[in-house]
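Colleague: Handing you a structure now.
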């Protein structure tokens, strides 16, 4: 039996849910600037598959890497960590 490789996981905040069964998740990282030492915010956006369409803007979610589902979608939503207030 073949073993499956580990899949990448990210946590982020939902910034858009206007698409059918898709969400846009923004992951914010604090990275130290190599020369000046100041911490800079880096934002990376992912388009993720949301099968049940139950995410709303502002929710904190966990997404997992998957096979390509469309041109821009290769992540899927695993769980909602925290609902928006």
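Residue numbers (the working numbering): 5 to 89.
All C-beta atoms, glycine included, are put in the ideal place defined by N, C-alpha and C.
The structure displayed is predicted, hence computed values, not measured ones.
(1) Where does residue 45 fall in DSSP's three states?
(2) Within 10 Å of its beta-carbon, does residue 76 have 16 or more other beta-carbons around it, so buried, or fewer, so exposed?
(3) I'd like the span of the beta strand (DSSP E) that includes residue 13, first residue to last.
(4) Opposite residue 50 in the DSSP bridges: which residues?
(5) What number of angstroms, rounded off, separates the C-alpha of residue 14 from the C-alpha of residue 68?
(6) What are the boundary residues of the beta strand (DSSP E) that includes residue 5?
(7) Does the beta-carbon distance from residue 18 to residue 78 come in below 8 Å?
Modeller: The short version:
(1) Start at 1 with the first residue of the chain shown, and residue 45 comes out as number 41. In this structure, residue 45 counts as strand in the three-state DSSP scheme.
(2) Your numbering for residue 76 matches position 72 in the chain shown. Classification of residue 76: exposed, given that the 10 Å Cβ count is below 16.
(3) The residue labelled residue 13 in the question sits at position 9 within the chain shown. Element bounds for residue 13: 13-20.
(4) Here residue 50 refers to the residue found at position 46 when the chain shown is read from its first residue. The bridge partners DSSP lists for residue 50 are 29.
(5) Within the chain shown, the letter at position 10 stands for residue 14. Within the chain shown, the letter at position 64 stands for residue 68. Pairing residue 14 with residue 68, the inter-Cα distance amounts to about 7 Å.
(6) By one-based count along the chain shown, residue 5 stands at place 1. That residue, residue 5, is in no beta strand (DSSP E); it is neither H nor E in DSSP.
(7) Here the question's residue 18 lines up with position 14 in the chain shown. Here the question's residue 78 lines up with position 74 in the chain shown. No, they are not a contact pair.
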